[in-house]
Each structure stands twice: as structure tokens, then as C-alpha cells.
Amino acid sequence: MKVPVLLYLALTFWLVHTGSLSAQKNTVFDPLTEDISKKLPPLEILIDSAIVNSPQLIYSDQQLMINESKLRSKRIEWTRNVGLQANVGYGNLFNYATSSTGSIDPIPVASSSSQTQYTTAFYINLPFSTIADRRNQLRLARSEIIQAESLILSLKSEIRQIVITQYNNLILKQRLLSIKAKNLETVKMSMEMREKEFLNGVIPLTEYTNISSSLSDLETGFENARMEFLTAYMILEEIVGIRFNLINTIPENYEHN
-8 MKVPVLLYLA
2 LTFWLVHTGS
12 LSAQKNTVFD
22 PLTEDISKKL
32 PPLEILIDSA
42 IVNSPQLIYS
52 DQQLMINESK
62 LRSKRIEWTR
72 NVGLQANVGY
82 GNLFNYATSS
92 TGSIDPIPVA
102 SSSSQTQYTT
112 AFYINLPFST
122 IADRRNQLRL
132 ARSEIIQAES
142 LILSLKSEIR
152 QIVITQYNNL
162 ILKQRLLSIK
172 AKNLETVKMS
182 MEMREKEFLN
192 GVIPLTEYTN
202 ISSSLSDLET
212 GFENARMEFL
222 TAYMILEEIV
232 GIRFNLINTI
242 PENYEHN
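What follows is the structure, given as C-alpha cells:
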């Protein structure tokens, strides 16, 4: 499959642009506070990259080339049974004869000469089965090409849907992660207050225990959201064949600065 030049140019522009912005701001992308959609390449570039790097499409494209070659071979296959044959012969020709001059015994006469002989022949050897089946073979070869082209279009459409779904899934996972991080921060602050109140005897043990249990649930939810976001991020990288280099690690807890 031919790699689109525009795709390389677009990716190069994106890498230079994002690299210059990072150098100017001297900051690292924070998935808890920033919008990842503003850091990723445009969706159409991701789709084109996924199409170029798809093993299934590469295989299907090669299969299409094979089918096209088969059709070209079928079109000229009849010429195998049509040809022109030429032969060249060179040698000495001996002639032997007798000559009678009125004597009783004839006089033998022998002579030799060098000659070159040329022969040419045009031949056609086409079985009736070949002639009758040629149109069917060509039709079959064209159908295989159409089938391969349709498969390529179907795979491209499927890849587009997969990239769009995973792209939006990644954005959703990041937003859910941010929400859970903020909720966790709020409950942690509330937990600190309730702990002081419990130690001072303001609230009973049951209320303190409930808040502690809620904090534990939120920490579990945050950890699940963190792993789901990382998984969605890595899956999108794998699908499009690009390393975004945006995320090295995600803090295990959220602290708002």
C-alpha cells in the first residue's frame, strides 16, 4: 500500500508544533487537569495513519495487486498457442550422376556445393475448450478484482469506525478520570475535617466509619479509572501506529495546585 505523502507531512507538522509548544511552556501533559484532545493529532490524521499501518489492509492491497496481475495474464494467455517458427540449415549438398558419351560404360559424375536453407512456419494451436472458456476466465478474474476492491473499502470503513470509537472513548475515559480525581480530593478534605471532629468527640464512630468507607470506594474507583484511561490511550496508539509520547505516568492521587 502506498503511504500518503500528506500523512507524513501532517504528522511532521504536528510533531514540530506540539514539540515547540512543550518547549515554550516547559510543562508535561497532566491527564488529570488538561484536555487530551488538544494534544492528540487531528482525528483524520489518526484515521489515515491507522489505514496505512493496518496489516489487514496491507494484505488486501497485495491481494488486489495479485488479482490484477492474474487478469493481465489471462488477457494474453491465448498468445501462448500462437507463434512463428523459423529454422535455418547449412551444409554440403552432394550430387551424383552418370554421363553417357556413346561409350558402353557410362561415366560417373559427382559434384558438391554448400547451401543454406531457411524455413518459416506460422502456427495456431487453440483448443476449442480454451476459446469457449476464455470469456468466463476473464469474467472470473475481473470479479476477483472487484471483490478485493470491495474488501479494501469495507476494511477502511471499519478502521474509521474503530479509530473514531477509540478516540472518543479515550476522551471519555480522561474526563471520567478527572471527575473521579476531583471527587477524591473533596472527600479527602472532608475526611481530614471529620477525623478532627471524631478525635474531638464531635461526631460518632459510625459517621467517621461511613466517611472512611466512602473514601476507600472513591480511591478504588479512581484507580480503576486511571487504568482504564491508560488502557484506552495505549490501544489508540496501537491502532493508529503512532506513539504520542504524552503520558509517562499518572499520579495515584489527585492534588489540586
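For what it's worth, the numbering used here labels the leading residue of the sequence shown as -8, then goes sequentially.
The C-beta atom is built at its ideal place from N, Cα and C for all residues, glycine as well.
Anticipated Cβ contact below 8 Å, residue i with residue j, distance rounded
i, j, result
"Leu48", "Ile136", "About 16 Å; that fails the 8 Å criterion."
"Leu58", "Ala132", "Per the sequence shown, the amino acid found at residue 58 is Asn instead of Leu. About 7 Å; that satisfies the 8 Å criterion."
"Ser205", "Val178", "6 Å"
"Ser252", "Ile194", "This structure cannot speak to residue 252, because the chain is shown only from -8 to 248."
Of the residues the options, the one placed nearest residue i, counting alpha carbons only
i, options, result
"Gln54", "Ser141, Leu37, Glu210, Ile42", "Ser141"
"Asp21", "Glu68, Gln138, Gln165", "Gln165"
"Asp39", "Lys173, Ser207, Lys147", "Lys147"
"Arg130", "Met182, Arg63, Ser207, Lys171", "Arg63"
"Ala41", "Arg125, Phe220, Ile155, Ile27", "Ile155"
"Leu168", "Glu149, Thr222, Glu25, Phe213", "Phe213"
"Phe220", "Ile170, Glu186, Met182", "Ile170"
"Ile238", "Leu206, Met180, Leu161, Val178", "Leu161"
"Ile153", "Ser28, Val19, Val231, Ile67", "Val231"
"Thr24", "Lys173, Leu206, Leu196, Tyr224", "Lys173"
"Glu149", "Ser45, Glu186, Met218", "Ser45"
"Val43", "Arg151, Arg125, Thr222, Thr111", "Arg151"
"Arg126", "Leu209, Ile67, Pro32", "Ile67"
"Leu163", "Lys29, Leu190, Ala223", "Ala223"
"Ser134", "Leu190, Lys61, Arg217", "Lys61"
Residues near residue i in its chain [Cβ-Cβ closer than 7 Å; skip 5 each side]
i, result
"Glu228", "Arg234, Phe235"
"Tyr158", "Leu34, Leu37, Leu227"
"Lys65", "Gln128, Leu129, Ala132"
"Asp26", "none"
"Thr18", "Per-residue confidence for Thr18 stands at a pLDDT of 49, beneath the threshold of 50, marking its modelled position as unreliable; no derived number is given."
"Ser51", "Ala139, Leu142, Ile143, Leu146"
The alpha helix (DSSP H) enclosing residue i, as first and last residue numbers
i, result
"Arg207", "One point to set straight first is that residue 207 is Ser, not Arg, in the sequence displayed. 196 to 231 is the extent of the alpha helix (DSSP H) around Ser207."
"Leu48", "46 to 67"
"Ile42", "34 to 43"
Close Cβ partners of residue i (< 8 Å) along its chain, the five nearest in sequence each way excluded
i, result
"Glu246", "Bear in mind that the predicted position of Glu246 carries a pLDDT of just 47, short of 50, making it too unreliable to give a figure here."
"Arg185", "Ile194, Glu198, Tyr199, Ile202"
"Leu209", "Lys171, Asn174, Leu175, Val178"
Contacting residues, own chain, Cβ-Cβ under 6 Å from residue i (five flanking each side not counted)
i, result
"Glu198", "none"
"Lys30", "Phe20, Leu237"
"Ser28", "Ile162"
"Phe189", "Tyr199"
- prompt: Can you list the beta strand (DSSP E) stretches of 3 or more residues lying completely in the segment 119 to 201, in chain order?
  reply: As far as the segment 119 to 201 is concerned, it has no whole beta strand (DSSP E) run of at least 3 residues.
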